[in-house]
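Chains A and B supply the protein sequences, listed in that same order.
Counting from 1, one number per residue, gives the positions in the first sequence under the numbering used here.
Counting from 1, one number per residue, gives the positions in the second sequence under the numbering used here.
Protein chains: 2
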Amino acid sequence: MDIKLKARYEALSRVIKALSHPTRLLIVEELSRSRYCVCELTEMVGADTSTVSKHLSILKNAGLIKDHKVGASVYYELLTPCVLDFIGCIEDVIKETAEKQLEATGIVTV
Amino acid sequence: MDIKLKARYEALSRVIKALSHPTRLLIVEELSRSRYCVCELTEMVGADTSTVSKHLSILKNAGLIKDHKVGASVYYELLTPCVLDFIGCIEDVIKETAEKQLEATGIVTV
DNA sequence: TGCAATGTTGGCAATATAACCAAATACCCA
DNA sequence: TGGGTATTTGGTTATATTGCCAACATTGCA
């Protein structure tokens with residue numbers, strides 16, 4: 001395969017990989033509503049602060065969010081609202097899959 | 001966190017994870033243009049047939065593609081064209097990130 | 001029927017992810 | 001300045017992912 005194309009797919013997959021974790025999806029959706037600091041997100045996620053901090057750094061590294069300090073706190077905000085459409089698309093995929101599985105059972109006809 | 005919400009994020013991340021691999025992105029884009037059998041995709045990808053077959057089964061499992069046999073061959077087709085928009089969005093993210101890095105060097109002003 | 005071609009599955013080794021704890025850093029205020 | 005709060009980073013362990021090879025299954029054809 002062409003080297004340039006390969007690099008493109010690798011770059012794409014790096015960003016998509018950043019989105020492919022339940023906690024990071026939650027963070028992205030929350031940040032689509034408002035800016036939050038790490039401690040607020042930690043509360044929402046319900047995990048160790050260090051864990052949340054690492055998730056945030058992965059999203060930031062992927063270019064999806066950015067941060068700014070306010071006092072001792074670090075606030076994060078979403079840079080790319082288009083990822084929300086993406087989530088909507090994936091949600092449709094899941095819905096269709098579920099419907100097909102229901103059909104397969106023969107219990108209902110959609 | 002709410003159990004139902006958690007399940008939703010896990011379902012989303014399962015599908016996104018299926019997309020988060022260079023080879024699988026290539027396959028999705030190719031399948032957006034036409035149906036292909038495993039041997040054709042193997043050629044395009046340039047990896048072992050078994051490797052490609054496993055990638056295809058991951059995409060199929062995620063509900064993104066489906067297959068049908070024609071003789072000894074298995075053809076795959078894309079079920080969800082909306083993932084292409086998604087790829088476009090991610091491409092923008094990458095572009096913006098690259099521009100910012102250029103700016104940071106001070107070499108150019110965008 | 002026997003063989004060649006097409007795919008899938010199991011196994012193994014290498015690598016990547018993820019979560020927690022502990023330690024280090026940065027910042028604010030008394 | 002000293003302590004407390006907020007965050008990041010390093011270390012460790014457990015788990016998941018990936019790629020190839022080998023073995024097996026299916027199909028078509030001579």
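Glycine residues also receive a C-beta, built at the ideal position from the N, C-alpha and C atoms.
When only Cα atoms are considered, C82 of chain B and I90 of chain A end up about 8 Å apart. For L5 of chain A, the three-state secondary structure derived from DSSP is helix. From the beta-carbon of C89 of chain B, the residues of chain A found nearer than 8 Å are T80, C82, V83, D85, F86.
Among the residues of chain B, those whose CB is under 8 Å from the CB of V15 of chain A are I90, V93, I94, following chain order. Counting only the Cα atoms, H21 of chain A lies some 16 Å from G63 of chain A. Cβ atoms of L59 of chain B and I87 of chain B stay farther apart than 8 Å, at about 14 Å.
For L79 of chain A, the CB contacts under 8 Å within the same chain, skipping 5 residues up- and downstream, are G63, L64, I65, K66 in chain order.
Taking all protein chains shown into account, H55 of chain A has 16 or more neighbouring C-beta atoms within 10 Å of its C-beta and is therefore buried. Annotation: E77 of chain B to T42 of chain A spans about 41 Å, alpha carbon to alpha carbon. Excluding residues up to 5 positions away in sequence, L84, I87 lie with their Cβ nearer than 8 Å to the Cβ of E29 of chain A in the same chain.
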